[in-house]
Structures are given as C-alpha cells and as structure tokens.
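Numbering (this note's numbering), first residue to last: 487 to 954.
Scroll down for the structure; my scribbles are underneath it.
Structure follows, in structure tokens:
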C-alpha cells in the first residue's frame, strides 16, 4: 500500500490507533452479554409478548388499516385454525388482479400502485394517464446519479437506496409539507424513481467494487416499470416480453402485505412522530434489508446452494431430507438452524404469493433449462414440514413463503443476487407510501409508543475512586 504524502500515512496510523483503543472497550464481551441478556436461556416474562406476538402465534393488534389484508387462518376459542392463505389489496383479491393482467396480456404493477394509493381501481383513461406520469417521474433529479450515487458508491444496494431516499429531501422544495396532496405526489414519484435508483446504484457498485465497466441507462417514457428496470439494469438494455411480464408479476405480489409486517410498521411508527416522508420511507428500507424480513430471499438462495452441493441426487427424497436435518441441526448452511423460505407469521396452509410464483415461473424455467432447479425447490417445500416434525416435534402446518421462490425467479431473469431485496423494496414502496398516507389521515393522530417492562435492579452510585 502506498500513501500520497507523509501526512496521509500519519493520518492512517492515528486512525488505526483510535480503532484499537475503541475495540479495547468491548473486549469484555462476556460481561456485556451478561448485563444485556434480558431473557437468559430463553426465559420469557409471562406478560411480555415477544415480537409483539401472543403465545398462540397471533399478532398483538396495534392498529387498523384498509389497505392490505393478509388472511391465513381462522381464530376459534383463541386457537388458530389453519387454512389456505389469501391476500387482498384494498379488498381486491391478488389472484383476481393477476389473472386480469394475464388474461388481457398487459402489465399490472402500475394498476396495483394506483389501487393502493388511491383506494380504488382506475378507469382505462385514468390508468393510461397514471402510466405516463409514472414513466416521466422515473427520471432522477439533474446530476443526482453523479452526485449521490457515483461519488459515494456502496457495496450494499439497500443501504445505498436508503441514503438516496434521504438525499431526495434536499431536492424537494416541499419536503416538510405534510398535506395529503403533497404526500400523494411524493408517493407516486418515489415509487417511480426507486427502480432507477436501484439500477444506477448497482451500476456504481459493479464499476467501483467489481472493477467492471460503467454504464448508466436513463429510463424510457414508453416502457412500464418492470420493462424500465430491465432496460436500465442490463448492459445491452435488451429483454423479452416473458421476462418483463414475470418481473411485473413479482412486483405486484410484493407491493403490499398489511400493516403488521416489520417494514410497514416501521414506516407507520416514524410517520406517527410527525417526521417527513423521506425519513419514514428510509426507515422502512432499513427494516426490509434484515434477513428475518425481506433479506430472507438472499438467504434462501444461499441455502439452496448449500443443498445443491450436498445432495448428489436431487430427486432422492431421502438425500434431501438428510441435508434438511443437517440444516436444522446447524451442521449445514449458515449455522442459524433456519430453513429459509419455510414458515410464515400469518399464512398456515399456503402463501398465495408463493403459489402464484411457483405456477408462473415454470414456463420461463422450461425456456431456460432450469426446471430441475424448480423441482428441487418444490421438493424442499414438500419435505421440510416432515423434517420439522421429526426433528423438532413441530406438528403445526408449515408452508412455503414467497421468499422460497422469489430468488429463483430473479435467477431466471438473470438479476444479480445483490438486487433481490432491492427489487422487493421497489415493489413494496407502493404499500409503504399507502400506509404512510393512511397514518397521516388519522383524525386523532397519536405517536406509536409501546411499553417496555424494566427489569434492572436498583443500585447505589459508587464514587469513581472506589470503583475496582
């Protein structure tokens, strides 16, 4: 390593000393864990609902919403009765939305955004006007990509997306205007711009960290959101209709999932404080990044790679089960003991999003010669519940969730793993914005502030000279 000047060398050495000095404060990790482990050995205080969930697995009701309905079980005498999962946007079944688009051979994400933001399905002329506006607002502010993306690239696209969202506050002369009209305008502009930010952020990441050529494509006003994403992402800007329609399908399925999911709740929590649009949306992005939330789609891809390497015959159920047992026993995979893509907080017998992706990805999988990989994923879906029951004695229904199949779909589309969660965010932006507006419209706005039970023991202050 070389340094331009002696001053640069001294600055680096002082920085290293500061790091080493700081690390010395956290060297006593055992003491730190002892003082901060509030539930040792898994013990839970009887009146504390961990994860805001009751012992029967149902969520603690924190509010009401008319935007999305995640319906996965019936409740009878305090017990969950499993049944086939359903998902509704503003009361409209997700299956009906998608079947309409397929039947009419058209893109449907823009229609979905309109439904979520405005609360009703658009007429043909309204949809046409809205599609034009979405395409026009997909352009970023002047020199935004150069100043905010290329000058400060980030290896993690989700973090870059969050920082770009916050930076857009500086480009909005009405950033602190919380009127409904302004919130609505910010919302569809943000939905339109997010895929462009994601594509340009990935281009910067490839160039500066992967040492690849730099190319930036501006979105076109004659393309849909899904088409524009593929157009701006790919070096040659080429894509076919099957690819764009499948991506559009993914975006429809990811656009909304009720008010209780972590990222939407995070958006509503920040909105309840009275903060600005960009701060609340950036918080939702940070939440979605987590591997227990949207980042699980990347974890599924990693897990499936472990399984593919460990299973010699993908069609042998015995071999697949053996390796799933190893995952649960923390002997294979990332060591967490989690089978990613299986199980959901609400869905019991099925996740409608997973069912739809599995159904409509097969055509492109056949074209790509990747049917064997899809079959392998389906075998994991079929065998994992058996393994949970045999290894951990869990006899409740465990279904595949959307993450089990979304990563595979993105692989079919040739989309890099770095972008899986960011595509999720590009779609869910519609739901976040709708929930923020709903929170802003409350007649009796209140800051969301749950209680935490304090369990620390009281102690006397010890003078500095007497401390050992």
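A virtual CB, placed ideally from N, CA and C, is assigned to each residue, including glycine.
Option nearest residue i by Cα separation, candidates the options
i           : options               : result
residue 631 : 871, 881, 562 and 718 : 718
residue 559 : 672, 570 and 798      : 570
residue 876 : 916, 741, 807 and 943 : 807
residue 628 : 647, 612, 853 and 656 : 656
residue 670 : 936, 928 and 916      : 916
residue 941 : 533, 546, 642 and 556 : 533
residue 932 : 844, 754 and 847      : 754
residue 926 : 664, 727 and 936      : 664
residue 843 : 585, 565 and 548      : 585
residue 776 : 543, 951, 620 and 644 : 644
residue 623 : 611, 588, 612 and 674 : 674
residue 544 : 565, 621 and 726      : 565
residue 640 : 715, 660 and 689      : 689
residue 816 : 614, 868, 878 and 557 : 878
residue 695 : 659, 654, 658 and 637 : 637
residue 587 : 699, 831, 730 and 850 : 730
residue 859 : 642, 579, 800 and 846 : 800
residue 615 : 752, 557, 707 and 701 : 707
residue 901 : 646, 574 and 715      : 715
residue 691 : 642, 672, 880 and 725 : 642
residue 548 : 725, 542 and 746      : 746
Pair within 8 Å by beta-carbon distance, residue i and residue j
i           : j           : result
residue 650 : residue 892 : no
residue 593 : residue 678 : no
residue 741 : residue 914 : yes
residue 748 : residue 910 : no
residue 908 : residue 684 : yes
residue 596 : residue 617 : yes
residue 535 : residue 546 : yes
residue 826 : residue 904 : no
residue 865 : residue 803 : yes
residue 681 : residue 625 : no
residue 676 : residue 919 : yes
residue 750 : residue 768 : no
residue 887 : residue 930 : no
residue 582 : residue 661 : no
residue 744 : residue 952 : no
residue 772 : residue 653 : no
residue 934 : residue 699 : no
Inter-residue spacing [alpha-carbon to alpha-carbon] between residue i and residue j
i           : j           : result
residue 568 : residue 835 : 6 Å
residue 572 : residue 697 : 45 Å
residue 809 : residue 824 : 12 Å
residue 576 : residue 606 : 7 Å
residue 733 : residue 540 : 36 Å
residue 488 : residue 503 : Model confidence at residue 488 stands at a pLDDT of 49, short of 50, so the residue's coordinates are unreliable; what they give is reported in the following sentence. If I take the Cα positions, the gap works out to 19 Å.
residue 821 : residue 813 : 7 Å
residue 609 : residue 693 : 43 Å
residue 938 : residue 796 : 44 Å
residue 811 : residue 873 : 6 Å
residue 578 : residue 603 : 14 Å
residue 701 : residue 721 : 7 Å
residue 867 : residue 612 : 41 Å
Whole-angstrom C-beta distance between residue j and residue i, which should lie under 8 Å
i           : j           : result
residue 870 : residue 828 : 5 Å
residue 710 : residue 635 : Their Cβ separation, rounded to whole angstroms, is 23 Å, which puts residue 710 and residue 635 out of contact at 8 Å.
residue 790 : residue 863 : 7 Å
residue 774 : residue 766 : Incorrect: roughly 13 Å between the Cβ atoms, too far for contact.
residue 854 : residue 898 : 6 Å
residue 818 : residue 580 : Residue 818 to residue 580, Cβ: 34 Å. No contact.
residue 850 : residue 658 : That belief does not hold up - the Cβ atoms of residue 850 and residue 658 are roughly 39 Å apart, past 8 Å.
residue 921 : residue 553 : 6 Å
residue 847 : residue 786 : Not quite, the Cβ-Cβ distance comes to about 14 Å (not below 8 Å), so this is no contact.
Those residues which DSSP pairs with residue i across a bridge
i           : result
residue 827 : Residue 827 pairs with nothing; no bridge assigned.
residue 674 : Per DSSP, none; premise fails for residue 674.
residue 540 : Bridge partners of residue 540: none, in fact.
residue 573 : 556
residue 565 : 562
residue 578 : 575
residue 648 : Partner(s): none; residue 648 has no beta bridge.
residue 745 : Residue 745 is not bridged to any residue.
residue 913 : None; residue 913 has no bridge partner.
residue 545 : 539
residue 886 : 828
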